[in-house]
Amino acid sequence: MDIHEVFNDSYERCNQHPHFFDIFYNLFCQKDDRFREMFANVDMQKQISMLKASIAIILLAPVSESARESVRFFGKRHGPQGIGVSPLDYETWLDCLMETVNQCDPSYTSEVDLAWRECFRLGLEIMKKECET
Ligand code: HEM
């Protein structure tokens with residue numbers, strides 16, 4: 000099966016889980032006190048809606064220049080002039096996302112894991128680049 004199909008089917012199963020994004024942010028904030036502090040005064044329901052929308056865009060990075068432009072903008076907002084996220088933070092972010100998928104997708108396999116990582120690869124690379132500027 001094509002990796003996009005593997006990813007899409009898994010994302011659909013994750014979205015059926017009522018607490019997928021809550022679990023993700025809980026795991027993420029447990030990884031580093033900096034993350035917990037960053038989100039301390041943030042409306043997490045609003046944040047989850049924004050993350051869902053930005054995931055849809057980041058996934059389009061390989062096929063759309065306007066999506067890549069939006070992802071560069073997300074990267075700038077998270078970079079040294081903004082939130083101050085480091086390239087390593089993006090690794091932690093993706094690892095937490097995959098830990099969440101492992102918990103929420105009943106059909107999780109290593110193939111599913113690889114498909115998610117590949118689908119996010121270019122978008123996260125673009126965001127990481129903005130850490131340098
Ligand atoms: C590397 C780990 C990340 C950290 C620590 C982080 C942290 C944050 C924080 C603290 C905010 C501000 C919330 C507020 O003040 O209301 C935010 C906003 C946002 N994040 Fe992230 N984020 C990370 C990764 C990502 C990724 C990978 C995406 C895209 C898939 C993303 C998309 C967004 C969007 C769309 C916003 C709101 C719009 C904006 O403020 O520009 N974030 N993030």
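Going by numbering that gives the first Met the number 0, the first residue of the sequence shown is number 0, and it counts up by one from there.
Glycine included, every Cβ here is placed at the ideal spot set by N, Cα and C.
- Around the beta-carbon of F6, 16 or more other beta-carbon atoms lie within 10 Å, marking it buried.
- For H3, the shortest C-beta to heavy atom distance toward the ligand HEM is 8 Å or greater.
- Distance between E117 and I2, taken at the CA atoms: about 8 Å.
- Inclusion of A60 and L113 in the CB contact set at 9 Å is not warranted, their separation being larger than that value.
- Cβ contact annotation for M43 (same chain, cutoff 7 Å, sequence separation greater than five): Y24, in chain order.
- Annotated three-state conformation of T99 is helix, per DSSP.
- Membership of F6 in the alpha helix (DSSP H) is indicated by the continuous run 2-15.
- I82 is classed as exposed because its beta carbon has fewer than 16 other beta carbons within 10 Å across all chains shown.
- If you compare the alpha carbons of E124, D104, D21 with that of E11, the shortest gap goes to D104.
- Ranking S69, K30, D94, S106 by CA distance to the CA of A52 puts S69 first.
- With respect to the C-alpha of I56, the residue from T132, D94, I125 having the closest C-alpha is I125.
- A residue is called buried once 16 or more other Cβ atoms fall within 10 Å of its Cβ, and A39, having fewer, is exposed.
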